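**Student:**
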Amino acid sequence: MKRGGGERASGHFNTKAEAVTRGREISRNQGTEFRIHNRDGKIASSDSHGHDPHPPRG
104 MKRGGGERAS GHFNTKAEAV TRGREISRNQ GTEFRIHNRD GKIASSDSHG
154 HDPHPPRG
């Protein structure tokens, strides 16, 4: 697991489930976007934990 734009890993986990659980926790605490990537690097899913006004301005 690593932060966007980060060079070093933020943590090492035995399973993807452990990494996802910890990543969601960090994302909620920091109010950031959380993205789960497949092995090929494509985004599998994403959650927003930041300020997300509804309805969007526009």
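Counting from 104, one number per residue, gives the positions in the sequence shown under the numbering used here. Yeah, the Cβ is synthetic: ideal placement off N, Cα and C, and Gly gets one too. Given the structure is predicted, the values throughout are model-derived calculations rather than measurements.
Taking the straight line between their C-alpha atoms, what separation do you get for residue 133 and residue 143?
**Tutor:** Going from the Cα of residue 133 to the Cα of residue 143 covers about 26 Å.
**Student:** When you compare only the Cα positions, how much space is there between residue 120 and residue 126?
**Tutor:** Cα to Cα, the separation comes out at about 10 Å.
**Student:** Looking at the strands, I want to know which residues DSSP matches up with residue 146.
**Tutor:** Answer is 140, bridged to residue 146.
**Student:** DSSP has residue 151 in a bridge; who is on the other side?
**Tutor:** Answer is 136.
**Student:** Taking just the CA atoms, how far does residue 124 sit from residue 118?
**Tutor:** Taking the straight line joining both Cα atoms gives about 10 Å.
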